[in-house]
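Chains A and D, in that order, give the protein sequences.
Just so you know, the first sequence maps onto residues 1 to 346 in the working numbering.
Just so you know, the second sequence maps onto residues 347 to 631 in the working numbering.
Don't be surprised by glycine CBs; every beta carbon is placed ideally from N, CA and C.
Taking it in order: structure first as structure tokens, then the write-up.
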Amino acid sequence: MAEILGIGMTHAPHLQFTDENMANVLRRLLKSELTPAAMKDPQNWPAGMRAEWDSDEGLTAARRHRAALLEGVRAARAALDAFKPDCVLIWGDDQYENFREDVIPPFCVYAFDEVDCAPFKASDGLGADTNVWNEPKDMVVKIKGHREAANLLAEKLLETGFDVTWSYRLHHAQVLSHAFARTILYLDYDRKGFSYPIIPFHVNCYGSNLRIKGKTIEGRLPPSPAPWRCYDLGKQIARIIEESPWRVALIGSSSWSHGTLTAKHHFLYPDVEVDRQRFAELKTGHLRQRRELDPDQMRASGQHEMLNWICLAGAMEGRKASLQLFVESYIFNSDKALALFPPARQ
Amino acid sequence: MAKLVEIMGITHSPNFPGQIAGPDPEPAIVEAARDYELMRKRMAGCRPDVLVVIASDHLNQFFMDNMPAFLIGKAPKAEGPFPHELRTFGIAPYRADIDVDVARSLLQLAPKMGVDFSFSDEFRIDHAFTVPLNFIRPEMDLPIVPIFTNVMAPPIPPARRFYELGNALRKMIAELPADKRVGVLSSGHLAIEIGGPKEGRSSSDPEFDRRMMHLVGSGDVETVIEEATWDRMMASGNVTPGFLNFVLLMGLADGKPPSVSGVRFPKSKGSVPYMAWDVEAGVLP
């Protein structure tokens, strides 16, 4: 019988690397010529940011950050194991990995039988390459897909007016994109293995703000799908699953505001204030508010990737989260959150 | 503000140009060629500044590793067809500038209207674009905006979605910031089979062709949508879903019947339909 478990989580690189490297994005930006000189002085930072940085350049804060995130990630894994899903759908973004100039879709359903995943690749963003498990950096693992369920989703979404792209294998990328790979990696933080078949579901979160390292993009890029569209898509996916034979875990995977996307903060730290508001709204259970979010406000607050969570919000309309965590940070580039929505018939 | 000045649908059969140019063409081909010359004059008479061209890709560049339902090409130039099409069919090449401003504006407007276009900056246009363009604008002097639709690789959007897309496209064109006259040329076909037992006939299903042209001609949107299912179209011929690009035109015309439409049945290689709407004469609201 069909059943749905909902999970909101992060795929930020920080958990994968050591505490000593966790503030590397900020360290790099403090050395950058593009950062205003005044903003390199902690005296000009928000008080919360100075407190996190403290006298050890954020090492103590990193330990707290990891502990808080692991509480959420382990709770998510426990919920997943208890739920025993037939497949796990993950909404995630692509950062010029699999989708490039030839075709950039707003949404893409991946219908794999199996896909390669290289979870321990070095992070350009953090400038770190030693993972906390000391596992080989070039290790490639096989992740199962669920082609039958993905095909059904693509077919039913197209039938109901969502113009999704579908894909039977990776296009440009050789391995699963970072959003999906890290989601799986963190759900397997305690190295129990991850045998659940997945349906990666691409959302073009970056839209007009897609940045390609070393390349200049001429002219305006098309925008991301609007929050209302992502919400409605998530809601429709839940309807399709409810009429299917499968037990499906739906995961909205992203951090919330990113410092590196927040121009008003000189790209140094995230919009913690606005993320706090979003979390307060989440706690009220009024998920439909996510549908009405203003795309311009989201972009100004560096919340581009939150579209992945908005898909989840649409799917979870009318449900209450059983666990909600907000792990804010000024110095680790992004605020993170975790939410669990238990199955309706539990 | 932009103005929609013409809506037109014709075949993209890569055999048709050769049938016209061949020795002693049969009467139906002569008549169809005359139809298409009238269509060319008709489009020219509308004095478009840009042609939005709706057509499909025949698994030449979009494959099962990334199959967009609807895609807008926004590179500065469009060129085609693919070399193997030139060799196989002996059809003429086509080159055109792309009206990048219009393409980008459509991509900006689409999300507000619930249309999820993919986009591309690296593509070619195959015979589905070049054949109709060579008939309707052989001068190659107008910029185009190519819109690719998936009518080849299932799952594809259903007929109703093609109609809705046409309807949304009309609204998008009305909201384009540029003061331009926009002609829309859609490329499709009726029943046709490639590589199957019905290949090469006058039509792989003349009854389907006559029925659909009657329904299109009378503006019977609901019956078209009800009957143009994947299964029905595939039963008529294994690439018949190219008909859906004509359903899109019905949406673009807001369900109004075309001012002119018809179909010719040569002895072989598929029927040759045409349809056009007198947009400026007040057919549309």
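Query raised in the report: Between D:P631 and the rest of its own chain, which residues show a CB-CB distance below 8 Å, the 5 nearest in sequence each way excluded?
Result: With a pLDDT of 43 at D:P631, under the threshold of 50, the predicted position of this residue should be treated as unreliable, though the coordinate-derived value follows. Counting only Cβ-Cβ distances below 8 Å, and skipping sequence neighbours, we find D600.
Report task. Please look up how many angstroms separate the CB atoms of D:G512 and D:G597, rounded, as I've assumed it's under 8 Å. Result -> 3 Å
**Report entry** Short Cβ contact (7 Å threshold) for D:P457 with A:P223
**Finding:** yes
Requested in this report: With DSSP as the reference, label D:A401 as helix, strand or coil.
Outcome: strand
Query raised in the report: Is A:L152 helix, strand or coil by DSSP?
Result: helix
Query raised in the report: Helix, strand or coil for A:F279 per DSSP?
Result: helix
Query - Assigned secondary structure, D:M354 (DSSP; H/G/I helix, E/B strand, else coil) - result: strand
Query raised in the report: Any idea what DSSP makes of A:C230, helix, strand or coil?
Result: helix
Requested in this report: Assign A:I184 to one of two classes, buried (16 or more other C-beta atoms within 10 Å of its C-beta) or exposed (fewer than that).
Outcome: buried
Query raised in the report: Grouping DSSP H, G and I as helix and E and B as strand, with all else coil, what is D:P492?
Result: strand
Query raised in the report: Any residues in the stretch 386-415 of chain D with a beta carbon nearer than 9 Å to a beta carbon of chain A? Which ones, in chain order?
Result: Q407, F408, F409, M410, D411, N412, M413, P414, A415
Query raised in the report: From this set, D:G419, D:V399, D:V567, which residue's C-alpha is nearest D:Q407's C-alpha?
Result: D:G419
Query raised in the report: Within 7 Å (strictly less), CB to CB, does A:Y110 reach chain D?
Result: no
Report task. Can you grab the Cα-Cα spacing for the pair D:R393 / D:V351, in whole Å? Result -> 8 Å
Query raised in the report: Between the C-alpha atoms of D:R386 and D:I482, what's the straight-line distance to the nearest angstrom?
Result: 4 Å
Report task. Report the residues of the stretch 229-241 of chain A with a CB closer than 7 Å to any CB of chain D, ordered along the chain. Result -> R229
Query raised in the report: Start and end of the beta strand (DSSP E) containing A:C205?
Result: Element bounds for A:C205: n/a, residue is neither H nor E.
Requested in this report: Examine the Cβ distances between the stretch 354-369 of chain D and the stretch 87-107 of chain A and report whether three or more of them are shorter than 8 Å.
Outcome: no
Query raised in the report: Closer than 7 Å, CB to CB, is A:L158 near chain D or not?
Result: yes
Report task. With 8 Å as the C-beta to C-beta threshold (strictly closer), list the residues of the stretch 613-628 of chain D near chain A in chain order. Result -> none
Query raised in the report: Going by the beta-carbon positions, is the gap between D:L479 and D:Y440 smaller than 7 Å?
Result: yes
Report task. Could you check the C-alpha separation between A:A38 and A:L30 for me, to the nearest Å? Result -> 10 Å
Requested in this report: Could you list which residues in chain A have their beta carbon closer than 8 Å to that of D:Q454, in chain order?
Outcome: R220, P222, P223
Report task. Pick helix, strand or coil for D:K349, following the three-state DSSP scheme. Result -> strand
Query raised in the report: Which chain A residues sit within Cβ distance under 9 Å of D:I502?
Result: L158
**Report entry** Residue span of the beta strand (DSSP E) that contains A:G72, given as start and end
**Finding:** Note, A:G72: premise wrong, no beta strand (DSSP E); alpha helix (DSSP H) at 59-83.
Query raised in the report: Which residue comes first and which comes last in the beta strand (DSSP E) that contains A:K336?
Result: 336-341
Query raised in the report: What did DSSP end up calling D:W623 once you bin it into helix, strand or coil?
Result: strand
Query - Complete runs of the beta strand (DSSP E) confined to the stretch 368-423 of chain D [at least 3 residues] - result: 396-402, 416-419
Query raised in the report: Hey, how far is the Cα of A:F99 from the Cα of A:W45?
Result: 37 Å
Report task. Please report the Cβ distance between D:V401 and D:N591, rounded to the nearest whole angstrom; I am assuming they are in contact, meaning their Cβ atoms lie under 8 Å. Result -> What sits at residue 401 of chain D in the sequence shown is Ala, not Val. About 7 Å separates the two Cβ atoms, so the contact holds.
Query raised in the report: Assuming D:A537 and D:D551 make a contact with CB atoms under 8 Å, what is their CB distance in whole Å?
Result: 4 Å
Query raised in the report: Where does the unbroken beta strand (DSSP E) through A:E3 begin, and where does it stop?
Result: 3-9
Query raised in the report: In three-state DSSP terms, what is A:F194?
Result: coil
Query raised in the report: Should A:M139 go down as buried or exposed, given a rule of 16 or more other Cβ atoms within 10 Å for buried?
Result: exposed
Report task. Answer with buried or exposed for A:A78, where buried requires no fewer than 16 other C-beta atoms within 10 angstroms of its C-beta. Result -> exposed
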